[in-house]
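Residue numbers (my numbering), protein chains in the order written: chain L, 715 to 1144; chain U, 715 to 1144; chain E, 715 to 1144; chain S, 715 to 1144. Glycine is no exception: its CB is placed at the ideal position from the N, C-alpha and C atoms. Because the structure is a prediction, the values reported are computed rather than measured. Written out below as structure tokens is the structure these notes cover.
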């Protein structure tokens, strides 16, 4: 296995933190034991947890106003995989990468797969792109793609999605995630019913070509880039489209794609209850689709989402939705953000495992809201950092991934090896 | 027909405004004729428009902080009908009243029906109430009603709804509207899946007893009185419940029950597209479920809702959802607010009839958002007040209902005839 | 000192938890010591922390739809003080009570003060009430109080506030909190400028009578009970009013009184920077002014508020704003909610003390957002429950206040001793 | 005067609409006369109304996801002025252009001024840009500009603003508008107090160099491009900064820069009451800073803003804030959007002139909310299109600007004369 961070450095770093970690882990283990929780069992689950990183996430993000590039940004899918391998090596929670086509289209899929293999990286859900026009593209998506009023545009968008699936098959992916920017900026611009009917018709055509072991994930969003209406604006529309399309067509929940104040954990429950919860794009937000780092704004909400997921998995242990980080790293080193965020999601997951579900069910059944909420808080208030650190340590990752990464000088090496791409300027779009 | 406003007064008032109205009406007619619109056809539709008033709407509303009673408030369902008859006499747009049980439960339904008959009033959808505890009620709804964890509580709530339907049949109603306050105030308090499953199970039991010519309307709401989660929080949950329950179980849209920024007109379209749009509770809001007067905050949104409805009715002329005003009149004379609001809804409806739909469809099809929105605005910017006034005038209502009402002294007569009910104090609930 | 919870019971309960607590506390102490933090110093600050409880908070709250009374609710200010003494006895964090006048007006202030003294309770900020009409009140507040267009109404509201201050002086209070429901439900209803000018004029008159050692706290709120506009809608208006009025007139921040998505911790910073941050009403919310239990929805936000406060106090150690819990306990035992919430606020405070501020300042100065946020999270992710428990234990409170309270049977005794007040029914105001 | 739209075409178009216009205008005049309003006086005010267009508004806008260029987009400030001249020629409401530096920096300011002069165009407020990095810029604005922790970065941003003022003086501008993207994406990233203190310090330095007849306008924004906090996030911060800085430093209100649900017309009133309302950026929005066309989503809100402005101007007739359209035209021809939007703003202004202010004041004073709101609606519901059309017609503009523009073929000519700039691709920033 190729590893870009020197293992001696990693070992030295871990060594300096090991004794403190063991002390903390032991103390936590004793505390949990008093509640009849076996810390080792939790640790095994923590080690088994994984979440995909998006290939585009290792580049610096931006806004319509500006993009401020970082140093040594990856210039192609191979350099992106290099960065992803560093994230996985240190965090040991991100073994798969999600590609965006055409951004990441390789000239030779086999070569790409082998390149990933050397790092032990797999390919998660494939993402199509019909929200931008590409050079030499026949029809423009300015007024929609899968929902466009013109059959020719819809056909082009459908063909692109089918093409992405074909590529994904060669790479070992098992899912297609579809997000469209289709919508309108003015009352009257679109006929709501027709647009949605065309959406459903289009995804049915894509679904018809889907391999039997693949899922199709529909991503909804309340606004942006369309600002008056979006064709698949909420989980209700997502559910209806998935339901109309077929069994393996499922809804994907992006935490930042909802109206203000909406109870997202309830949406998680509803979609699961009706068999349509397929996956997540994790991030955090304060205002809109801010694409901030997962758990950075409201970590309790992230815990509540996992509280639902753990509840669902109690009933159906084999249930395993797609998890991906979907964040825009505008002011941080993307590698650092992705390592930290993966651990934040893992933290929420681990805490959800510590909820005393028997007690919770009792308090729910007997209408004791005080103790029901206290039961959740009892788990949430625990400091599970020792479990996360031990999981990484035992998996040959870093106890403190960011410190180790900074010490490694990886970014500085990239800055030298990857001169700035002059086509990726900092000018925004207003 | 009994009429509580003196017809001579009404005639005198109208006479003083008639010449101005005719001048305005003629000018508008000529203007519309230039766009090939026949004002008389529009007038006939305006005259045929009707919207129900809620019996509880004729009392002064309040907030959890306080209620400031008005003068001469109705003390029982008979006095409420008196007030409703005044609204209908002057506005000629509100021939039906929607009852709330047990608030309006009559000792003798036949007597009540005859009382309404004398005014030419009918009974619209019946409303059940399981969000409050009633005196001598066996089980409390503190922790839920149709979704309660206890079978006994659910049974009680189901029985109440069935009882309301039976009463409604005697009164000539044709629909049951179900709104529950069920939800939770704390993360963990309720099991989302179980609560929703119990909701669906309960409404199925009610539905099973529904007369064949009745509809059941499910009302969703994002928050209040529950502040962390509500069992039927949005149109997605409402759709699922209605779909599971049966063909005549439909969703009802209250304009104030959505998350901030949500595109309500699109929800209207979605529910109609999937055959589940059953009715509306009209009001307006700036923040939450403010229950402000319809069209008082965002009249263009009201127009856009009717733009959808008119579009739906073009395709299916017999489509006729239930319309009701659902407002809390905290600072106005409720009779005035209801007359004014009925006209505001009617205004939005009439303007939606003036949209050049052939042009709109063309601009939508050819992706001309500027002209598509301009087509809507062209209709919206018209002053259709002459049509509304003429519709009332020709139907023996008042050209200026509020001026006529004030001149009549009706409220002052009520103030004398209806001494304040000492049980209805102004103290709030905090 | 009178204590309503049996001290033997308390002792027995604590004894059963003491060994686990000591083990957790020692482990945490060792962990903190590795970061050069002395747990004992933190413990002393935790023990010194206090937050007032509102007298009205010990009664069950409700909404405009309904109130579902709990058992044994206090029927007067004396019984409310009994309940507050239990909260303080067990939580040891709530030594002061905030009164609401006229709800809590005693016939003999001295007697009330002595009654509180026996429990060791003090009186925090006094709250006036001009958002409700009282029996035998000359002028109605239906259309405003301190901002009413009528001088007579304004004078009545001013006189009430002055009266409340006089009463507060007799009780040992040092502050007056003013919240008005004044505002409008319709565009056009109020003249914005005139209303605000009248507000400022009115509070100046109250301020002129304020004792020299008193503060006046202005509470703003974006909506409810007024739904189109409120006279003092946000911190900008609050600041302007406080600035115009005088040095001891300050702004009070209620966590639930802001527009969606607003960054409240930044408002805390702004008001402090300009010398106008006077106090807090703590609660939590998901939608509007939900008045949910503090920290129950977004505990990280509560931590961020205290992160600002601790930062301010570093610069100005004597700075001490007024803290009060302001919650509506609709579904829980209010005593339980207030004990739990006091601890949640205390938890946020204690965590804020653990932030490595030197490191934070460095990361802020060098624009290292990743490590800046990680520095906050490092403190936030710690489990400080042992410190909170030890603080209570050493102060003769309960290690587990709710378990001890339930064991005591206090609520059952109240249920017997306090038969239901027939005037406090469950009927709501819609 | 150079005119790019053929005047014969304009005349022919107008001729075809003239008779209908005169008929409508006469009918409206008669109707208004019945309310003692002289339509000619209103017409004169409508003709005197003007609003600036932003130079960047004539290019197609985009989002972080994509930009879909239109045909014949202007490639430099001269071509932008060509387009602005067309807008002014046809709409006769946009005689001034607002520049953005460095985007629009001319090599020779005098030449630019003369170029504008030929079209009768003036230069409105100048806009500086410190939210993007420019080629060859010494310091990056990635972590702030006027508020950066580094003195060097702040000095660079200050110098840029001073430079913009110098350029503006040569062009005849009289104001500098400052908007910064400064803020943070993570809790802890910025020290709120220090950032704001640095902001105030920086703008004071700019203000110190401001010509005596210039104003400085501070633009606040709740979020984007910073997603956790922005340094000047709301009108409260804007007021404080303007107040600290000096008399000619004023606040600018952009309609899309507020938290959800916020009452913007009240902010207008507050800032005016305290002497700090300097200007507006007009646009509309449904979700965030959508930058949609003015009045396209909530035209009643736009009317309510002008209702405040007209009220202020009654008291102070010489009061004249800066008005500018600030919109992102992503799916329309920008020239069409700007012409249509200018008319929508003008429409709101004209309707605000028709409010019976004597009646309104009476209803406000006597607390008659029904008639107060009806007084606003009476004006709002009028169809003032004939006044807008007549204003354009009498000023030699187009009765129907969009029809005339389309007929002229101007865009097609541009498409030929302005081949696509290959540097302005459609790729977005995610």
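Anything in chain U within Cβ reach of residue i, meaning under 8 Å, just list it in chain order.
| i | result |
| --- | --- |
| residue 1000 of chain S | 975, 977 |
Can residue i and residue j be called in contact, C-beta distance under 8 Å?
| i | j | result |
| --- | --- | --- |
| residue 1020 of chain S | residue 1062 of chain S | yes |
| residue 824 of chain U | residue 884 of chain U | yes |
| residue 944 of chain S | residue 957 of chain S | no |
| residue 970 of chain L | residue 1025 of chain L | no |
| residue 778 of chain E | residue 778 of chain U | yes |
| residue 1049 of chain E | residue 1015 of chain E | no |
| residue 840 of chain E | residue 890 of chain E | yes |
| residue 756 of chain E | residue 1113 of chain E | no |
| residue 950 of chain L | residue 921 of chain L | no |
| residue 942 of chain L | residue 1081 of chain U | no |
| residue 801 of chain E | residue 767 of chain E | yes |
| residue 1053 of chain E | residue 1115 of chain E | yes |
What residues match up with residue i in a beta bridge as DSSP calls it?
| i | result |
| --- | --- |
| residue 897 of chain E | E/944 |
| residue 915 of chain S | DSSP lists no partner for residue 915 of chain S. |
| residue 1106 of chain L | None; residue 1106 of chain L has no bridge partner. |
| residue 767 of chain U | U/811 |
| residue 1038 of chain E | E/766, E/995 |
| residue 891 of chain L | L/841, L/931 |
| residue 968 of chain S | S/995 |
Whose Cβ in chain L lies nearer than 9 Å to the Cβ of residue i?
| i | result |
| --- | --- |
| residue 701 of chain U | In this structure chain U extends from 715 to 1144, so residue 701 of chain U is not present and cannot be described. |
| residue 987 of chain U | 906, 907, 910, 911, 954 |
Cβ of residue i within 7 Å of any heavy atom in the ligand HEM?
| i | result |
| --- | --- |
| residue 1099 of chain S | Ligands are entirely absent from the displayed structure, and the ligand HEM is therefore not among its contents. |
Rounded to whole angstroms, what is the Cα-Cα separation between residue i and residue j?
| i | j | result |
| --- | --- | --- |
| residue 844 of chain S | residue 873 of chain S | 11 Å |
| residue 720 of chain U | residue 1106 of chain U | 16 Å |
| residue 770 of chain E | residue 1032 of chain E | 30 Å |
| residue 851 of chain S | residue 718 of chain S | 38 Å |
| residue 1051 of chain S | residue 1066 of chain L | 51 Å |
| residue 930 of chain L | residue 972 of chain U | 29 Å |
| residue 1010 of chain L | residue 822 of chain S | 48 Å |
Quick one: list the residues of chain E neighbouring residue i, beta-carbon separation under 8 Å, in chain order.
| i | result |
| --- | --- |
| residue 838 of chain U | Per Cβ cutoff of 8 Å: no residues; residue 838 of chain U is ~18 Å from chain E at best. |
| residue 1012 of chain L | 1012, 1014, 1015 |
For residue i, which residues in chain E fall below 7 Å Cβ to Cβ?
| i | result |
| --- | --- |
| residue 1044 of chain U | 899 |
Give the residues of chain E in contact with residue i, contact being defined as C-beta atoms less than 9 Å apart.
| i | result |
| --- | --- |
| residue 951 of chain S | 950, 980, 984 |
Check the C-beta distance from residue i over to residue j and give it rounded, since I have them as a contact under 8 Å.
| i | j | result |
| --- | --- | --- |
| residue 1056 of chain E | residue 805 of chain E | 5 Å |
| residue 861 of chain U | residue 909 of chain U | 5 Å |
Please list the partners that residue i has in chain L, where partner means a Cβ-to-Cβ separation under 7 Å.
| i | result |
| --- | --- |
| residue 902 of chain U | 1074, 1086, 1087, 1089, 1090 |
By the criterion of Cβ-Cβ separation under 9 Å, what are the contact partners of residue i in chain S?
| i | result |
| --- | --- |
| residue 1083 of chain E | 857, 898, 899, 900, 902, 903, 904 |
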